[in-house]
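In our numbering, the protein residues as written are 1132 to 1258.
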(Lines of atoms letter the chains of each structure in order from A and count residues from 1; the text may use other names and numbers.)
(Lines give C-alpha, C1' and ligand atoms only; values in the text may rest on other atoms or scores of the structure.)
Protein backbone atom coordinates (compact mmCIF):
# COMPACT_ATOMS: atom_id res chain seq x y z
CA UNK A 1 0.00 0.00 0.00
CA UNK A 2 1.48 3.35 -1.05
CA UNK A 3 1.47 6.61 0.87
CA UNK A 4 -1.58 7.92 -0.97
CA UNK A 5 -3.64 4.78 -0.28
CA UNK A 6 -2.54 4.79 3.36
CA UNK A 7 -3.47 8.46 3.82
CA UNK A 8 -6.85 7.99 2.17
CA UNK A 9 -7.63 4.93 4.28
CA UNK A 10 -6.67 6.72 7.51
CA UNK A 11 -8.63 9.85 6.61
CA UNK A 12 -11.67 7.86 5.48
CA UNK A 13 -11.65 6.10 8.84
CA UNK A 14 -11.40 9.48 10.61
CA UNK A 15 -14.27 10.83 8.49
CA UNK A 16 -16.38 7.85 9.58
CA UNK A 17 -15.48 8.02 13.29
CA UNK A 18 -13.75 10.99 14.95
CA UNK A 19 -14.81 13.62 12.40
CA UNK A 20 -18.26 12.18 11.64
CA UNK A 21 -20.06 15.18 13.17
CA UNK A 22 -18.04 17.62 11.04
CA UNK A 23 -18.25 15.76 7.71
CA UNK A 24 -20.74 17.13 5.18
CA UNK A 25 -21.95 15.85 1.83
CA UNK A 26 -21.62 18.27 -1.06
CA UNK A 27 -22.38 18.49 -4.76
CA UNK A 28 -20.36 20.30 -7.38
CA UNK A 29 -21.42 21.64 -10.75
CA UNK A 30 -19.82 23.11 -13.84
CA UNK A 31 -20.78 23.56 -17.46
CA UNK A 32 -19.48 20.77 -19.66
CA UNK A 33 -18.19 21.17 -23.19
CA UNK A 34 -20.52 22.61 -25.75
CA UNK A 35 -20.72 24.58 -28.96
CA UNK A 36 -21.73 28.25 -29.19
CA UNK A 37 -23.81 29.27 -32.20
CA UNK A 38 -22.42 32.71 -33.19
CA UNK A 39 -25.71 33.79 -34.79
CA UNK A 40 -28.13 32.90 -31.99
CA UNK A 41 -25.50 33.01 -29.20
CA UNK A 42 -26.95 29.79 -27.82
CA UNK A 43 -24.66 27.37 -26.03
CA UNK A 44 -25.17 23.59 -26.13
CA UNK A 45 -23.17 23.03 -22.92
CA UNK A 46 -24.92 20.95 -20.26
CA UNK A 47 -24.23 21.08 -16.51
CA UNK A 48 -21.96 18.33 -15.15
CA UNK A 49 -22.66 17.28 -11.55
CA UNK A 50 -20.36 15.53 -9.09
CA UNK A 51 -20.47 14.78 -5.39
CA UNK A 52 -18.33 13.95 -2.41
CA UNK A 53 -17.94 14.52 1.29
CA UNK A 54 -15.55 16.58 3.32
CA UNK A 55 -14.98 18.87 6.27
CA UNK A 56 -16.10 22.49 5.87
CA UNK A 57 -14.30 25.04 8.06
CA UNK A 58 -13.55 28.72 8.40
CA UNK A 59 -10.09 30.15 7.79
CA UNK A 60 -8.00 31.18 10.80
CA UNK A 61 -8.13 34.93 11.43
CA UNK A 62 -4.41 35.33 10.74
CA UNK A 63 -4.86 33.83 7.25
CA UNK A 64 -7.54 36.35 6.22
CA UNK A 65 -5.86 39.13 4.23
CA UNK A 66 -9.00 40.56 2.51
CA UNK A 67 -7.21 40.21 -0.82
CA UNK A 68 -6.91 36.50 -1.53
CA UNK A 69 -8.87 35.19 1.46
CA UNK A 70 -11.92 37.20 2.51
CA UNK A 71 -13.72 37.14 5.86
CA UNK A 72 -16.59 34.90 4.67
CA UNK A 73 -14.45 32.40 2.75
CA UNK A 74 -14.57 28.76 3.79
CA UNK A 75 -12.24 25.81 3.28
CA UNK A 76 -13.51 22.40 2.20
CA UNK A 77 -11.12 19.49 2.76
CA UNK A 78 -12.15 16.35 0.93
CA UNK A 79 -10.66 12.98 0.03
CA UNK A 80 -9.66 12.82 -3.63
CA UNK A 81 -10.92 9.25 -4.01
CA UNK A 82 -14.39 10.16 -2.67
CA UNK A 83 -15.07 12.99 -5.13
CA UNK A 84 -16.68 11.77 -8.35
CA UNK A 85 -14.96 14.46 -10.49
CA UNK A 86 -12.03 16.82 -10.05
CA UNK A 87 -13.03 20.18 -8.54
CA UNK A 88 -11.66 23.27 -10.27
CA UNK A 89 -11.73 27.06 -10.03
CA UNK A 90 -15.08 28.43 -11.21
CA UNK A 91 -17.12 25.37 -10.24
CA UNK A 92 -19.99 25.81 -7.80
CA UNK A 93 -20.26 23.73 -4.64
CA UNK A 94 -23.55 23.24 -2.80
CA UNK A 95 -23.02 22.34 0.86
CA UNK A 96 -24.74 22.85 4.21
CA UNK A 97 -24.36 26.23 5.89
CA UNK A 98 -21.89 26.15 8.80
CA UNK A 99 -24.29 27.91 11.18
CA UNK A 100 -27.51 26.14 10.15
CA UNK A 101 -26.81 22.71 8.68
CA UNK A 102 -30.41 22.42 7.46
CA UNK A 103 -29.80 25.20 4.90
CA UNK A 104 -27.92 24.52 1.65
CA UNK A 105 -25.61 27.27 0.37
CA UNK A 106 -24.04 27.62 -3.08
CA UNK A 107 -20.36 28.59 -3.04
CA UNK A 108 -17.95 29.46 -5.84
CA UNK A 109 -14.61 27.63 -5.90
CA UNK A 110 -11.80 30.22 -5.78
CA UNK A 111 -8.76 27.94 -5.40
CA UNK A 112 -8.08 24.20 -5.42
CA UNK A 113 -4.98 22.60 -3.94
CA UNK A 114 -4.00 18.97 -3.64
CA UNK A 115 -1.61 17.66 -1.01
CA UNK A 116 1.76 16.26 -2.21
CA UNK A 117 0.39 12.69 -2.28
CA UNK A 118 -2.81 13.80 -4.11
CA UNK A 119 -4.86 12.15 -1.36
CA UNK A 120 -6.91 15.25 -0.49
CA UNK A 121 -8.19 18.43 -2.09
CA UNK A 122 -8.49 21.74 -0.27
CA UNK A 123 -10.97 24.10 -1.83
CA UNK A 124 -11.37 27.77 -1.04
CA UNK A 125 -15.08 28.59 -1.26
CA UNK A 126 -16.81 31.98 -1.45
CA UNK A 127 -20.50 32.88 -1.32
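Each residue gets a CB set at the ideal place from its N, CA and C atoms; glycine is no exception.
Contact between residue 1210 and residue 1255 is ruled out by a C-beta separation of about 17 Å, above the 8 Å threshold. The Cβ atoms of residue 1248 and residue 1142 lie no closer than 8 Å to each other.
Each residue's CA atom was taken as its position, placing residue 1199 and residue 1220 some 14 Å apart. DSSP places residue 1244 inside the beta strand (DSSP E), whose first and last residues are 1235–1245.
For residue 1253, the enclosing beta strand (DSSP E) has its first and last residue at 1251–1257. DSSP places residue 1134 within a helical segment (H, G or I) once states are collapsed to three. Taking the CA atoms as reference points, residue 1237 sits about 20 Å from residue 1213. The beta carbon of residue 1216 sits closer than 6 Å to those of 1181, all from its chain and outside the five residues before and after it, given in chain order.
Contiguous beta strand (DSSP E) elements confined to the stretch 1163–1245 occur at 1178–1189, 1205–1210, 1223–1227 and 1235–1245, taking only those with 3 or more residues. Out of 1176, 1229 and 1166, the CA that lies nearest to the CA of residue 1204 is found in 1229. Going by C-alpha positions, residue 1170 is about 21 Å away from residue 1163.
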